[in-house]
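Note that full-length UniProt numbering has the sequence shown beginning at 1, numbered continuously upward.
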Amino acid sequence: MKAGPSGGIYGIVFGIIPSSVLVEASEGGRCERVSYKIEINNSKSEAQDLTVVEHLYGDWKILESSDKYRRLMLLQLNSVTVPAKGTITITDTAENRF
């Protein structure tokens, strides 16, 4: 196994480093609205095709998304290509009803 970037934290795939940040959240009654920013860094010398899986709960819908996605029950799936030695950012705003 080749060494990765110094101090890097790896996801499931070697050389792919994901991070997720909750940007904003608001709640009212039985409804919650959340905005996330997901950044994926590829330290490999080849582009990587990935599926980003987000677990959403309740009766949810995506209000805004920076990327195409598909819904599979309680999952939101984004199919993305991360360029070689590059980074992509996905932003989503979802509304969950309980």
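For every residue, glycine included, the Cβ atom is placed at its ideal position computed from N, Cα and C.
Closest by C-alpha distance to residue i, when choosing among the options
i: Asp-92; options: Glu-39, Arg-30, Ile-17, Gly-15; result: Glu-39
i: Glu-95; options: Lys-68, Asn-78, Tyr-57; result: Tyr-57
i: Ala-25; options: Ser-65, Ser-35, Ser-45; result: Ser-35
i: Lys-68; options: Ser-79, Leu-75, Leu-74; result: Ser-79
i: Phe-98; options: Leu-74, Ser-66, Ser-65; result: Leu-74
For residue i: DSSP bridge partner residues
i: Ser-45; result: In the DSSP output, where bridge partners are listed per residue, Ser-45 has none listed.
i: Leu-72; result: Leu-75
i: Leu-50; result: Val-80
6 angstroms CB neighbourhood of residue i in its chain, flanking five on each side removed
i: Thr-89; result: Glu-39
i: Thr-51; result: Leu-77, Ser-79
i: Asp-49; result: Thr-81
Residue i - containing beta strand (DSSP E), residue span
i: Lys-61; result: 59-65
i: Ala-94; result: 87-97
i: Ala-25; result: 16-28
Exposure label - residue i; buried when at least 16 CB within 10 Å
i: Ser-20; result: exposed
i: Gly-29; result: exposed
i: Val-23; result: exposed
i: Val-53; result: exposed
i: Ile-9; result: Reliability fails at Ile-9, whose pLDDT of 49 lies under 50, so the model's placement of it is uncertain and no value is given.
Neighbourhood of residue i by C-beta, 8 angstroms cutoff - its chain only, sequence neighbours within 5 removed
i: Lys-83; result: Position check: residue 83 holds Pro in this sequence, whereas Lys was assumed. Excluding sequence neighbours, Pro-83 sits near Asn-42, Ala-47.
i: Leu-63; result: Arg-33, Thr-93, Ala-94, Glu-95
Neighbourhood of residue i by C-beta distance below 7 angstroms, restricted to the same chain and skipping five residues each side
i: Gly-15; result: Gly-4, Asn-42, Ser-43, Lys-44
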